[in-house]
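Notes follow the structure.
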Amino acid sequence: MSWLGHKPRDSNNVVFKKVLRFVRGYLSGTMERIPVTEGKTTFLVPVQNEESTFPPGSARVFYNRKMEANRDGTVLFLAAVRPSEYLDAMGATGVRGLRVANETGIAVTINDIDPSAAAEIRVNAGRIDGAIEVTCQDANALMSTRRFDAVDLDPFGTPAPFVDASCRSAKRYLFITATDTAPLCGAHLKAGMRRYFARPMNTEYHGEVGLRILLGFAAREMIKYDRGIEPLFCFAHEHFVRLHLRTHPRVKYADRTLDRIGYVMQCTGCFYREEKTGFLSETAVCPCCGSVLQAIGPLWLGAVNDPDTLLAMETLLPEMALGTASYLARLLPLLREELPTSTFYDYHRIAKALRTSPPAIDIVMERLRNDGYRATRTHYEGTGIRTDAPLAAIEAAILGGSSSP
Ligand code: SAM
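Here it is in structure tokens:
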């Protein structure tokens, strides 16, 4: 019993986890390992348990080949922006930090709270040339006591419990992976609201909502320290969202960041939506169909990519030996071309609501451009269109007419 008169709920769990970590650390010396190559880096990975279907439980130290595209993107990004040092705060096998050290020459610190993971990282670090420090600490404790030029969070599921400390630790760059896409995108509403204190909504652009809610959360965690963020390379792929942010000291940048936080007001009756910056006051009604507009957010309303950074990455890509180079070669120009609108329209859904068969996407975009609007594709969805055109003009472009008189 605690002095407040109730037993702390997780006390048994904490002891169990400590014992488990000790046993895992002890056993790691006898772990069977296989060599794996990603990019130009070969490292050892504990043999996975084939009977386990859930990756985090499939080996004593976690490795997921499917996240190679995520790691490739970061290695390429780091090769382009070249921070002076890099913290891989949740290393597992250490693959991410090892690749950064080996493929970019940047000094790295690789950390993991699990002693058996730290032991694996040390084994791998010994096989690679480069400045590699290995630590075994709670990431929040490490990030609360040391600062790094670039900080990378890659936890299981949500990064929410680590973002505050990472904002204090990151001098110039902060990178965040989230794999809890269901809470972020609105499929698990309450979990999303608890973690990010934002209200998602399961719209046709839910993938974008997830990315922008995470970005809005990171922005709010940063601005309380009178510092700002600038998204440089952010994207969603399969079951993860990945952010690469530049941090900016000074209140001026914090205020600029604050200006980009707000809401998407989504009509509950049609495809209409509008942006609202700042704090919510009155309830709003859709000017197209009169239904209530539901607030999604708070979330990031600004641009999520920096064209110059993306171009620098594209230029470097042929020199790097990345396993997912062909995916990145398609992704980067697409991200560079995407209009910085906060949502996109799935024109197939609009066509269905209009009871018409959708023309080819290029035709719809061409019609919008002929009417004087801007229109691009989006990486979130093959049938998605980003445009500054109003809904009536998009409907006209799908139906084959023109909205202009
Ligand atoms: N970055 C790795 C990669 O690219 O393969 C994967 C990291 S894995 C998803 C998450 C890791 O975070 C696990 O190895 C786990 O032990 C570690 N971890 C969990 N809680 C932690 C904490 N509080 N501090 C540091 N590491 C933690």
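Residue 92 in the numbering used here is what sits at position 92 of the sequence shown, and the numbering runs on without skipping anything.
Backbone N, C-alpha and C define an ideal beta-carbon position, used for all residues, glycine too.
Note that the structure is predicted; figures quoted are calculated from it, not measured.
Query, Result
"Candidates I132, A101, M193 and Y63: closest to T74 by CA position", "A101"
"Span separating the alpha-carbon of A295 from that of T145", "38 Å"
"Complete runs of the beta strand (DSSP E) confined to the stretch 220-279 [at least 3 residues]", "228-237, 240-248, 261-267 and 273-277"
"Residue environment, E282, which counts as buried when at least 16 other CB atoms sit within 10 Å", "exposed"
"P35 beta carbon near the ligand SAM (any heavy atom closer than 7 Å)", "no"
"Outcome for Y225 when other beta-carbon atoms lying within 10 angstroms are tallied against a minimum of 16", "exposed"
"Coarse secondary structure for K171, derived from DSSP in three states", "strand"
"Separation of H348 from S342, as counted between CA atoms", "19 Å"
"First through last residue of the alpha helix (DSSP H) which encompasses A353", "Y347 to A353"
"Buried versus exposed, by CB contacts within 10 Å (16 or more), A392", "exposed"
"N-terminal and C-terminal residue of the beta strand (DSSP E) that D154 is part of", "First-last for D154: undefined, no H or E at that position."
"P455 classed as buried or exposed, judged by whether at least 16 other C-beta atoms fall within 10 angstroms", "The chain is shown from 1 up to 405; residue 455 falls before or after that span and cannot be answered."
"Three-state secondary structure assigned by DSSP to A59", "coil"
"Complete alpha helix (DSSP H) runs within the stretch 63-139 (minimum length 4 residues, chain order)", "68-81, 95-104 and 115-125"
"Minimum C-alpha distance to E274 - residue among T387, V108 and R250", "T387"
"Rounded separation between I394 and L293 - CA only", "19 Å"
"Opposing strand residues paired with L299 [DSSP bridges]", "G262"
"Range of the contiguous alpha helix (DSSP H) that encloses T181", "T181 to C185"
"Rounded C-alpha distance that separates S291 from L334", "34 Å"
"Outcome for A218 when other beta-carbon atoms lying within 10 angstroms are tallied against a minimum of 16", "buried"
"Backbone CA spacing between Y380 and G207 [nearest angstrom]", "7 Å"
"CA-to-CA distance, R260 to R127, given in whole angstroms", "45 Å"
"Any non-hydrogen atom of the ligand SAM closer than 7 Å to G210 Cβ", "no"
"Residue range of the unbroken beta strand (DSSP E) whose run includes T41", "T41 to P46"
"Spatial distance of K352 from P358 (CA atoms)", "8 Å"
"C-alpha gap between R330 and D72, whole angstroms", "14 Å"
"Cβ-Cβ separation, I110 to D129 (assumed contact under 8 Å), whole Å", "That belief does not hold up - the Cβ atoms of D129 and I110 are roughly 15 Å apart, past 8 Å."
"Any non-hydrogen atom of the ligand SAM within 7 Å of N140 CB", "yes"
"Proximity winner among I132, I223, E133 and L258, relative to V163 (alpha-carbon distances)", "I223"
"Continuous alpha helix (DSSP H) stretch holding P307: start and end", "P307 to L316"
"Whole-number beta carbon distance between L174 and Y196, since they are thought to touch under 8 Å", "Rounded, the Cβ-Cβ distance is 16 Å, inconsistent with contact."
"Rounded C-alpha distance that separates E68 from E221", "28 Å"
"Contact check, H248 vs C234, beta carbons under 8 Å", "no"
"Residue burial classification, C136 (beta-carbon count within 10 angstroms, cutoff 16)", "buried"
"Start-to-end residues for the alpha helix (DSSP H) that takes in A392", "L391 to L399"
"Whole-number beta carbon distance between T324 and L232, since they are thought to touch under 8 Å", "Not confirmed; about 19 Å, so no contact."
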